[in-house]
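Undergrad: Numbering (mature numbering (1 follows the signal peptide of the UniProt record, and there is no 0)), first residue to last: -18 to -1, 1 to 263. Before we start, here is the structure in question, set down as structure tokens.
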């Protein structure tokens, strides 16, 4: 029985060696002259240590548009859009069928892309330029920065511009300053101030309605801006609007066009009644 157990153990040991990694035997001697055997086991592939590689961080690209001219930036954006569309047009399925072969760019489409990019770039640059010289509510209100005229209304009376704005509350406000610049320019000039015109001084903590009549406006486009100044001398822009002052001839032409349209509308109504007096009945 003992012989059978020893034989079975030897067979099992030899069969399990097939699953063990290769080993090399190194012989040596210890101090008492007894030989010893040491096994150097190779580490299996699934237990090998791997070095963790840190992902490479790409350096952010500098904003090249800051040093580009308008035309150069437009061309850069056009090339990016063309590359994007060209990449889409080359995509295909595993069977070789193209997803969007129609996305090839023609000269007409390229011209359209260039026109759109030019408009977007010009608008963005205009906003950036306007942000350089604006403070207070105008800086926080993007629609006001787009010359929406929020908070500031106007009337044109015999070529003169009457401005009107209102405040709900005024805390530590000393008064208001009226500024003006020609359209498509950047330099404002002060045309009125609370320092030399009493009605622009603060009406108190409850605020109020303010008006100013600009008698020096000439025909053309003008941007008016209202600036609030506190008792410490700090200023903040609160509202602005774009005004188009017409010449006398332009006003006459607009009046004649309006009258002509009204006459045409009346004649059209009368003709319709004459052609169909029963009104369809």
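Glycine is no exception: its CB is placed at the ideal position from the N, C-alpha and C atoms. Note that the structure is a prediction, hence the values are computed from the model and not measured.
Hey, is the segment 56 to 63 in contact with the segment 99 to 108, meaning 3+ C-beta pairs nearer than 8 Å?
TA: Yes, the segment 56 to 63 touches the segment 99 to 108.
Undergrad: Would the beta-carbon of residue 195 fall within 8 Å of that of residue 142?
TA: Against a cut-off of 8 Å, the Cβ pair of residue 142 and residue 195 comes out as a contact.
Undergrad: Could you say which of 146, 165, 139 and 169 lies nearest to residue 158 if we only look at CA atoms?
TA: Per the Cα distances, 146.
Undergrad: Using only CA atoms, which one of 69, 64, 68 and 221 lies nearest to residue 93?
TA: Checked all of 69, 64, 68 and 221; the closest Cα to residue 93 is 64.
Undergrad: Which residue marks the beginning of the beta strand (DSSP E) containing residue 156, and which one marks its end?
TA: Counting along the chain, the beta strand (DSSP E) containing residue 156 begins and ends at 155 to 164.
Undergrad: Could you check where the beta strand (DSSP E) with residue 134 kicks off and where it finishes?
TA: First-last of the beta strand (DSSP E) with residue 134: 134 to 139.
Undergrad: Helix, strand or coil: how does DSSP classify residue 198 here?
TA: Looking at residue 198 - three-state DSSP - the assignment turns out to be coil, as it is neither helix nor strand.
Undergrad: State the DSSP-derived secondary structure class of residue 180, mapped to helix, strand or coil.
TA: Of the three classes helix, strand and coil, the one that applies to residue 180 here is helix, per DSSP.
Undergrad: Within its chain, find whatever has a CB closer than 7 Å to the CB of residue 155; leave out the 5 residues flanking it on each side and keep chain order.
TA: Only 184, 210 and 212 meet the Cβ criterion.
Undergrad: Could you have a look at residue 188 and say whether DSSP puts it in helix, strand or coil?
TA: In the structure shown, residue 188 sits in coil (DSSP, three-state: anything other than H, G, I, E or B).
Undergrad: Residue 175 by DSSP, collapsed to three states: which one?
TA: It is a strand residue.
Undergrad: With distances taken between CB atoms, is the gap from residue 207 to residue 161 smaller than 8 Å?
TA: Cβ atoms of residue 207 and residue 161: closer than 8 Å.
Undergrad: Which residues in the same chain as residue 201 place their Cβ atom closer than 7 Å to its Cβ, once the five residues preceding and following it in sequence are excluded?
TA: So the qualifying residues of the chain are 227, 228 and 229.
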